[in-house]
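Enquirer: Residue numbers (this note's numbering): 346 to 432.
Each residue gets a CB set at the ideal place from its N, CA and C atoms; glycine is no exception.
This is the structure, below, for whatever I ask next.
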Amino acid sequence: MRTSLRLAIGDFAPLRTWLRTNVHVKGSLMTADELLATATGQPLTAEDFRVHPRERSLAHGGLCPMCADPCFRGTGFDLRASGRRKV
C-alpha cells in the first residue's frame, strides 16, 4: 500500500520509520540546516517560507486550514483578493 494511503487511514508507521532513519538518528550530530539538507536533498530557503503558506491556503480553498479565515494567523499576511499583503 502506498505511504500516502497508509497515512490517510492513520497508519503512521512508515512516517515514524522514515523519521527515525533520516532525522532522529542524525539529529544530535548535525545542525538543523545540515539535517534538513540531508533529509530532503536540498537546503531550506526563504522561498520555502514564502511559497508554502500560500500553497497550503490555496489547497484549502483560499482559507487558512487552522482557523478557516482567509488569512494565516501569526504570519501577518492577508491572502484575500489581490494576493499577499502585510496586515
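Check for me: the alpha helix (DSSP H) holding S349 runs from which residue to which?
Expert: Segment T348 to A353, the alpha helix (DSSP H) holding S349.
Enquirer: CB-CB under 8 Å to T383, same chain, minus the five flanking residues each way: which ones, in chain order?
Expert: If we look at T383 and ignore the five residues flanking it on each side, its Cβ neighbours are N367, K371 and M375.
Enquirer: So, for L360: in the same chain, excluding its five sequence neighbours on each side, which residues have a beta-carbon less than 7 Å away from its beta-carbon?
Expert: For L360, where only same-chain residues beyond five positions count, the Cβ hits under 7 Å are L352.
Enquirer: Quick check on the burial criterion: 16 or more other C-beta atoms within 10 angstroms. Buried or exposed for S427?
Expert: With a pLDDT of 46 at S427, under the threshold of 50, the modelled position of that residue is not reliable, and the figure given next carries that caveat. Label assigned to S427: exposed.
Enquirer: Which residues in the same chain as P388 place their Cβ atom closer than 7 Å to its Cβ, once the five residues preceding and following it in sequence are excluded?
Expert: Taken in chain order, the residues that qualify are D378, L381 and A382.
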